[in-house]
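Read through the structure below, which is laid out as C-alpha cells, and then see the notes.
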Amino acid sequence: MTSHLQLERTVAEQRIIICCGSGGVGKTTTGAALGVLAARQGRSALVMTIDPAHRLAQAMGLAALGHEPEPVAVDAPGSLAAMMLDTKRTFDKLVEQYAPSSQVREAIFANEYYRQLSSSLGGSRELVAMERVLEAVNEEGYDLLIVDTPPAHHALDFLDAPGRLIDLIDGSLTSMLVKPYGLAARAQFNLFRQSSAMTLKFMERLTGFEMLADLSEFLLAFSSMFDGFKERSHRVMELMREPSTTFLLICAPEESSLQQVGQFQARLRGENLGIAGVLVNRVHVCDPEAGDLDGGALSTLSQMTVEGRPLAGLVDRVEAAYAEHRILGAADARAMQGLMGGDLPVRTVPHFRRDLHSMFDLEAFAEVLG
Amino acid sequence: MVAPASSSALSSERLVIVTGKGGVGKTAVATGIASASAQAGLRTVLVTLDARDARHPLLDVPLEYQPYRVSAGLAASRVDSLQAVQEYVRRNFPFSSFYEGFFKTRAFRDFSAAAPGFEELMCLGKLYDLASGREFDRVVFDAPATGHMKLLLEVPGVTLRAVQVGPLNHNARKIQDLILDSSRTRVVLTTVPEEMAIQEALELEAYCRDTHRIAVGPLVVNRQVPDRFTSTEIAALTSLPEASTNLREAITAAANEHEEVQSQRAALEKLGGTGCELLMVPRLVQARVERHEKAQFVAALAEHVSTLVGART
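From first to last, the protein sequence lines stand for chains A and B.
First residue of the first sequence: 2, per my numbering; consecutive thereafter.
First residue of the second sequence: 773, per my numbering; consecutive thereafter.
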C-alpha cells in the first residue's frame, strides 16, 4: 500500500538527493525548496542545477548563479548554497586532469568536434553533472547535495546518458575510426583513401570527409584518456549506489508524466539504486465528498452585499469557480489513481497559486514540503 | 469559421514550429493549431520527434514515421531519427540496398549518435520533405522544449560550417533556407502566465529573432485563469460567519482562483514593454482521459487558436 513520502526524513538522512523528472514538473524549484528544508534542520546543503536557463537563480531571487557554490541567504540554523553546473568547464577540467600530455590536451581543446560535444552531445551534460557531484562530495564538506538533473523528456534519460558516452568512446566506432582516420589526420589523406573498410567509405560519403576526420581525431585523443574517464564513471556509479544516495522522482498530475513512474522504479530497482519516492507537484486538491451548493448556501450568496450594494451575478460566478475546482480535483485524483495503488512512497504537493520567484516564496514552498 | 485576419495570422507558412518551456502545453497548442489548420482547408500534418509515446496523447492515433490519417485534412507522424537516416540514404545513394545490413550494426548506431547534429539534421530533413512535398500544405511541428530546440536550430548552420561540400552540405542548405524564409516558416512560442515560463519564452524569442533571424510570433499564453472576482468580493466571501462544508469549499475555490489570477496578472506585466503580440488561451477545465474528452479538448483549443490560422485563399 502507498505510504507517505516523508521529505523531512529524506532531507535529514541522505547525503545526495538526485531530482529526476521530465521537463516542466517543478524539479528545479523543488530541489531548491528541499535545500531550504535541510538548512532549517541545521544541515549544510548545496543545490546543484544544470539548467541553462538560470531558473534556479531566479527562484532564489539571485541575479545569476556561478559555477562555484554561492551562499543563499536563508533564515535557518543551517546553511544553503547553490551553483550552476557548467558542462564545458567541468569537461575541460577532466581533460586537463586525464590528458597524458600537453599535446593531447591541446589537440582536444582545438578539436571542432570536442567544442560541440562538450556542451551538446547527448550524455555529456549528465556525465559531467555527476562528475561535479563526485568532486563536491569529496572536497567541499556539505552534509547534503541536491542535484537537479538536465531538462529531459523522460526521467530515465539521466541514467542512460553517461553510459552512452562511455560506450561511444569505448565502442566499435572508435576502433574503426581511430586507425585509418587517425593516421590520415596526421599524415597523408591518401592513406585513408586506400582503406578498404567499406563502412568507412560509406560513412564518409554520407557525411563528408572533414566531419569523419574530426571525429576520428577526437576519438583518438580521447582514447588515451579512456582509463581515467572510465574509472571516474565507475566511481560515479558507486556513489549513486551508496545507501546515502537517493533518487526522487518528480511528476505532474498528468497521464504522460505519471506513466514514467513504473519504468523509473523498475529501472532503479534493477540497477540497485535507492528511491526516496514520488513527489507529485501542482495537484489540485478538492474534497471528494464536496457536493453541489444547497438552497441555503445559494441564498446566503445571493443576499451578500458589500457596503450595502448587492453583488451582481455572484452566485453564478461562485458556482462556476466551484465547478471548475471540482473538475480539476477529480481529474488529478483520477490521473493519480494508479500511483496511489503502488508501493512507492508518494507525496502530493498542492497546486501553488503563486509564482515562486523569491526566497520568501521558496521558504513558503519548503513549509508545504516539510 | 473564418477568423478575422490579424497581422500575426499565418498565411502561406508551410512549417509552423511550436516550442516553449517544458510543461506549458506545447503538444496541446500544436495539436490545436494543426486541427484549426485542417479545418481551414489546409492539408496538415502534425509532427513530433518524441520517441516515448506510442500513440498521440491527444489525438489518440498511432504515432508512426508514415503520416497516419487522423481525419479529413489532418495527419500525425513521429519522425524517428534512424528511419529518417535510412530514408535519406536510400534516396541519396544509388545501390544503397547494398548497405541495408550496415544500419543494424553497432558502429552505425554509435556513429549516428556521436556525429554532432547528424540525427537532428536528418530529422529536420524529413520535416523539410514534408513541408515542401505535395502531400501537405502545412507541417505543424510539435517541437522539443527550449534547450533541445536551440540545439536543433543550430544544427544546419553548424553543419554548413563543418561540411563544405557533398550531400550533407546540400541538405543543410535547403533546411536552413526553409527555416530562414519568413514566408514559409514561423516559430510559435508557447508559455503560461508564470514568471519563469514567460522569462524563458522571451529569451527564446530573442534567440530566434536576433540570433537566427527566424520569423517568430505571436506568443501563445496558455492556461489563463478566468478573472471572475474582485478583491472586495473575495474578502466578503471569506469573512462569511457561517457556511456549510460545501459552501466553504466553494469559497476556497473562489479565493484560490482569485489568488492565481493576481499572480498571473503580475507575471503578464513582464510582457508589457516587450511589444510581443499575444494570443491568450484560457485554462480549459475538462477531463481528458477518454477519447471523446480528448477530442472535445482539441476542438476547444483549435477554436481558441483559430485567429492565428490563416484560411486558404
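All residues carry an ideal CB built from backbone N, CA and C; glycine is no exception.
Subject >> Length of the line joining the Cα atoms of Ser-849(B) and Ala-336(A) >> reply: 26 angstroms
Subject >> Nearest-angstrom beta carbon gap, Arg-126(A) and Met-1(A) [assumed within contact, 8 angstroms] >> reply: There is no way to answer for residue 1(A), as the model of chain A reaches only from 2 to 371.
Original post:
Can you tell me whether Asp-909(B) is buried or exposed, with buried defined as 16 or more other CB within 10 angstroms of its CB?
Top reply: buried
Original post:
Taking 9 angstroms as the CB-CB limit, is Gly-67(A) close to chain B?
Top reply: no
**OP:** Please determine if the segment 942-957 of chain B and the segment 895-906 of chain B are in contact, where contact requires at least 3 C-beta pairs separated by less than 8 angstroms.
**Re:** Taking a contact to require three or more Cβ pairs closer than 8 angstroms, the segment 942-957 of chain B and the segment 895-906 of chain B qualify as touching.
**OP:** Give the interface partners of Gln-811(B) over in chain A, defined as CB-CB distance under 8 angstroms, in chain order.
**Re:** What Gln-811(B) touches in chain A: nothing, since even the nearest Cβ is about 25 angstroms away.
Original post:
Nearest-angstrom Cα distance between Glu-107(A) and Asp-168(A)?
Top reply: 24 angstroms
Subject >> Touch test, the segment 237-254 of chain A against the segment 303-317 of chain A, Cβ-Cβ under 8 angstroms, three pairs minimum >> reply: Output reads no: the segment 303-317 of chain A does not touch the segment 237-254 of chain A.
Subject >> Coarse secondary structure for Ser-23(A), derived from DSSP in three states >> reply: strand
**OP:** Give a yes or no on whether the minimum CB-CB distance between Met-61(A) and chain B is below 9 angstroms.
**Re:** no
Subject >> Cβ shell of Met-241(A) (< 7 angstroms), same chain only, five flanking positions each side left out >> reply: Leu-274
Original post:
Going along the chain, which unbroken runs of the beta strand (DSSP E) with 3 or more residues stay wholly within the segment 239-272 of chain A?
Top reply: 246-252
Original post:
Asn-191(A) CB to nearest chain B CB: under 9 angstroms?
Top reply: Note that Asn-191(A) has pLDDT 42, beneath the 50 cutoff, so the model's placement of it is unreliable and the number below is only indicative. Not closer than 9 angstroms to any Cβ of chain B, the Cβ of Asn-191(A) fails to qualify, so no.
**OP:** Excluding the 5 residues preceding and the 5 following Val-935(B) in the sequence, name in chain order all residues of the same chain whose CB lies nearer than 8 angstroms to its CB.
**Re:** Asn-941 and Ala-944
Original post:
Are the segment 1013-1033 of chain B and the segment 926-934 of chain B touching, with three or more C-beta to C-beta distances below 8 angstroms?
Top reply: Proximity of the segment 1013-1033 of chain B to the segment 926-934 of chain B falls short of the contact definition, fewer than three beta-carbon pairs being nearer than 8 angstroms.
**OP:** Using the Cα positions of Gly-296(A) and Gly-342(A), report the straight-line distance between them to the nearest angstrom.
**Re:** Taking the CA atoms as reference points, Gly-296(A) sits about 38 angstroms from Gly-342(A).
Subject >> Any chain A beta carbon closer than 9 angstroms to Asn-994(B) >> reply: The beta-carbon of Asn-994(B) is placed no less than 9 angstroms from the nearest beta-carbon of chain A.
Subject >> Contact set for Ser-1003(B): own chain, Cβ-Cβ below 6 angstroms, skip 5 residues either direction >> reply: none
Original post:
Are any of the Cβ atoms in chain B nearer than 9 angstroms to that of Pro-151(A)?
Top reply: yes
Original post:
Closer than 9 angstroms, CB to CB, is Cys-287(A) near chain B or not?
Top reply: True, the Cβ-Cβ gap to chain B drops below 9 angstroms.
**OP:** Taking only the alpha-carbon atoms, compute the straight-line gap between Thr-3(A) and Leu-974(B) and give it to the nearest angstrom.
**Re:** 41 angstroms
**OP:** Flag this pair as touching only if the segment 978-986 of chain B and the segment 919-930 of chain B have three or more C-beta atom pairs under 8 angstroms; answer yes or no.
**Re:** yes
Subject >> Buried versus exposed call for Gln-304(A) [16 or more other C-beta atoms within 10 Å across all chains shown] >> reply: exposed
Subject >> 9 angstroms Cβ cutoff, Ala-859(B) in contact with chain A >> reply: In the sequence as presented, Ala is not what sits at residue 859(B); that position holds Glu. With 9 angstroms as the cut-off, Glu-859(B) does not count as an interface residue toward chain A.
Subject >> the segment 786-793 of chain B / the segment 1050-1062 of chain B touching (three or more Cβ pairs under 8 angstroms) >> reply: The count of Cβ pairs closer than 8 angstroms, one atom from the segment 786-793 of chain B and one from the segment 1050-1062 of chain B, stays below three, leaving the stretches out of contact.
Original post:
Mind checking Lys-202(A): buried by the 16 CB within 10 Å criterion, or exposed?
Top reply: exposed
Original post:
In chain B, which residues lie with their C-beta within 9 angstroms of the C-beta of Met-387(A)?
Top reply: Any question about residue 387(A) goes unanswered here, given that chain A covers just 2 to 371.
Original post:
Does Ala-1025(B) come within less than 9 angstroms of chain A when only Cβ atoms are used?
Top reply: yes
Original post:
Looking only at its own chain, which residues have a Cβ that is under 7 angstroms from the Cβ of Gln-1036(B), when we skip the five neighbours before and after it?
Top reply: Taking C-beta separations shorter than 7 angstroms and ignoring five residues to either side along the sequence, the partners of Gln-1036(B) in its chain run Pro-965, Gln-996 and Val-997, following chain order.
**OP:** Could you give the DSSP three-state label for Ala-775(B): helix, strand or coil?
**Re:** At Ala-775(B) the pLDDT is 36, less than 50, meaning the model places this residue with poor confidence; the figure from the coordinates comes in the next sentence. If DSSP states are grouped into helix, strand and coil, Ala-775(B) belongs with coil.
**OP:** Sort out for me which residues DSSP pairs Tyr-840(B) with in a bridge.
**Re:** The partner list for Tyr-840(B) (beta bridge, DSSP) reads Ala-848(B).
**OP:** Could you work out which residues of chain B lie near Arg-310(A), taking near to mean beta carbons separated by less than 9 angstroms?
**Re:** Using a Cβ-Cβ cut-off of 9 angstroms, Arg-310(A) is close to nothing in chain B; its nearest Cβ partner there is about 10 angstroms away.
Subject >> Contact list for the segment 16-35 of chain A against chain B, Cβ threshold 7 angstroms >> reply: For the segment 16-35 of chain A, the beta-carbon criterion of a distance under 7 angstroms to any beta-carbon of chain B is satisfied by Ser-23, Gly-24, Gly-25 and Val-26.
**OP:** Express the C-alpha separation of Glu-256(A) and Glu-9(A) in angstroms, rounding to a whole number.
**Re:** C-alpha separation (whole angstroms): 28 angstroms.
Subject >> Which of helix, strand or coil DSSP assigns to Thr-319(A) >> reply: The amino acid at residue 319(A) is misidentified as Thr; the sequence shows Val. It is helical.
**OP:** Use the C-beta contact count for Lys-1066(B): other C-beta atoms within 10 angstroms, 16 or more gives buried, fewer gives exposed.
**Re:** buried
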